[in-house]
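Asker: Residues 6 to 337, numbered by my numbering, are exactly what the sequence shown covers, in order.
All C-beta atoms, glycine included, are put in the ideal place defined by N, C-alpha and C.
Since the model is a prediction, treat every value here as computed from it, not as a measurement.
Structure below; questions to follow.
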Amino acid sequence: MDLLTPGMLFVLFLILWAEFVNGWTDAPNSIATVVSTRVLSPGAAVVMAVGLNILGALSGTAVAATIGKGIIQPDFVTPATVGAAMVGIIFWSTLAWVYGLPTSESHALVAGLTGAGLAVKGPAILLADGWRKVGLGLIFSTFLGFGIALLLMTLVYRLFYKSPPGKIRSVFSRLQILSAAFMAFSHGSNDAQKFMGAFALTLYAGGIIPHFYVPVLVILICAGVMGIGTAVGGWRIIRTLGTRVTRLEPVHGFAAETGAATVIEIASRFGIPLSTTHTISTAIMGVGSTRRLSAVRWGVAGEIVSAWVLTFPICGVLGYLSVIVFRWIGLH
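Next comes the structure, spelled out in C-alpha cells:
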C-alpha cells in the first residue's frame with residue numbers, strides 16, 4: 006500500500022466523492038414512488054434503500070468490468086485520467102440536484118472517461134465493445150423502461166378492473182414495498198458497480214494491482230459510500246419524480262418500480278451500464294400514459310430529458326479540461 010501516493014489518494018477520494026453523490030442524487034430512483042404514494046415514510050424508505058443498495062452492489066461485477074476495461078483502453082489510463090472524469094460527475098450532478106432534476110451518473114461517468122481519455126490519447130483510446138453496451142443501455146433505459154411499465158400497468162387494469170379502489174390500494178400498498186425493495190437492489194447492482202470499476206481501474210493504472218479486477222475491499226468500500234449517500238437522500242429529486250411528472254397511486258408505483266427494476270437487473274447481469282434514473286423516469290411516464298397522455302406533465306418530462314442530453318457534452322468537456330488542469334499542477 007506504500008505505492009498509494011498523495012496523487013493516487015486524491016483520485017480515489019474523488020471517486021468516492023462521486024460515488025457518494027451517486028447515492029445522494031440517485032436515492033430517488035429507489036424510493037420516489039414509494040414515498041410519494043405514502044406507502045412508506047421517508048425514513049423507512051431510505052433505510053430500506055440503503056440496505057438493498059449495498060446488497061445489490063455485492064451481487065456481481067459485470068458492469069464494473071465494462072466501465073473499467075470496456076470504455077477506454079486501460080493500458081493508456083493514468084489515475085489522473087479517472088480523477089478528471091470524476092470532476093464532471095461531481096459538478097454536473099450537484100448542479101442538477103440544486104434544480105431538482107434527476108441526472109444520469111452512468112452517462113456522466115461514461116462521458117467523463119471519454120473526454121479525459123481523448124485528452125490523453127485521442128480517439129484511438131475508445132473501445133467499440135463497451136460503447137455498444139452503452140448504446141444498448143440507452144435502449145434498455147428509454148424504450149424498455151417505458152414499454153414494460155406500460156404493459157404491466159395495462160395488465161393490472163385488465164386483471165383488477167372489477168375490484169373496488171379501496172381493495173386495489175390495500176393490495177398494491179403491500180406489493181409496492183416489495184417492488185421498491187427490488188428497485189433498490191437493482192439500483193445497487195448496476196450503479197454502484199460503475200464506480201467500483203473506476204476505483205479498480207485507478208488501482209490498476211497506478212500499479213497497485215497487477216491486472217484489472219475488482220477486489221472485495223473495493224466492493225465493500227464503494228457499496229458503503231453509496232449507502233451513506235443514499236441515506237442523505239435527494240428530496241428535491243424525489244418531488245420531481247414522485248409528484249411532478251404524474252400523480253401516482255400504489256398500483257402505479259408498483260408497476261413502475263417492477264418494470265424499471267426488471268430492466269435494470271437484466272442489464273446488470275449482461276454487464277450493460279444503463280441509467281437507473283432514465284429507467285425509472287421513463288417507467289413512471291409509461292404508467293402515467295395508461296390513464297391518458299395528458300396525465301403526464303410533458304413539460305416537466307422535457308426538463309428531465311434536456312438534463313439527460315446535456316450530460317454527455319458537459320461531462321465530456323469537463324473531463325477533457327480537467328486532464329489539462331491536472332497536468333498543469335503535476336498530477337499524472
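#1: From ALA189, PHE177, ILE36, pick the residue whose C-alpha is nearest to that of ALA266; which is it?
#2: If I'm right that LEU206 touches VAL87 with Cβ under 8 Å, what's the distance once you round it to whole angstroms?
#3: Please check the pair PRO84 and VAL16, which I expect to be a contact at CB under 8 Å, by giving their CB distance rounded to whole angstroms.
#4: Among the candidates ILE271, PHE259, ALA54, whose CA atom is the shortest distance from the CA of ILE233?
#5: Around the C-beta of LYS74, are 16 or more other C-beta atoms found within 10 angstroms, so that it is buried, or is it exposed?
#6: So CYS320 and ALA116 are in contact, right, with Cβ under 8 Å, and what is the actual spacing, rounded?
#7: Check whether the stretch 220-227 and the stretch 187-202 are in contact - that is, three or more C-beta pairs closer than 8 Å.
#8: Run through DSSP, which three-state label would LEU155 get?
#9: Give the straight-line distance between the Cα atoms of VAL161 and SER273, rounded to the nearest whole angstrom.
#10: Can the beta-carbon of ILE72 be found closer than 8 Å to that of LEU114?
#11: Is GLY324 closer than 8 Å to THR119 when the C-beta atoms are compared?
#12: Which residue marks the beginning of the alpha helix (DSSP H) containing TYR209, and which one marks its end?
#13: Buried or exposed for TYR209, going by 16 or more other Cβ atoms inside 10 Å?
#14: Is the separation between the beta-carbon of MET158 and that of HIS257 shorter than 8 Å?
#15: Report the CB separation of VAL139 from PRO278 in whole angstroms; it is logged as a contact under 8 Å.
#16: Can you say whether LEU14 is buried or exposed, counting buried as having 16 or more other CB atoms within 10 angstroms of its CB?
#17: Looking at the unbroken alpha helix (DSSP H) that takes in ALA101, where does it start and where does it end?
#18: According to the neighbour-count rule (16 or more other Cβ atoms, all chains shown, within 10 Å of its Cβ), is HIS337 buried or exposed?
#19: Opposite LEU131 in the DSSP bridges: which residues?
#20: If the criterion is Cβ atoms closer than 8 Å, does the pair ILE59 and ALA288 meet it?
#21: Please work out which residues of its chain come closer than 6 Å, Cβ to Cβ, to LEU9, disregarding the five sequence neighbours upstream and downstream, and give them in chain order.
#22: Please name the residue, chosen from GLY193, PHE148, THR316, that lies closest to PHE25 on a Cα-to-Cα basis.
Answerer: Taking the coordinates as given:
#1: ALA189
#2: 6 Å
#3: 4 Å
#4: ALA54
#5: buried
#6: 4 Å
#7: yes
#8: helix
#9: 26 Å
#10: yes
#11: yes
#12: 198-210
#13: buried
#14: yes
#15: 6 Å
#16: exposed
#17: 84-103
#18: exposed
#19: ILE77
#20: no
#21: none
#22: GLY193
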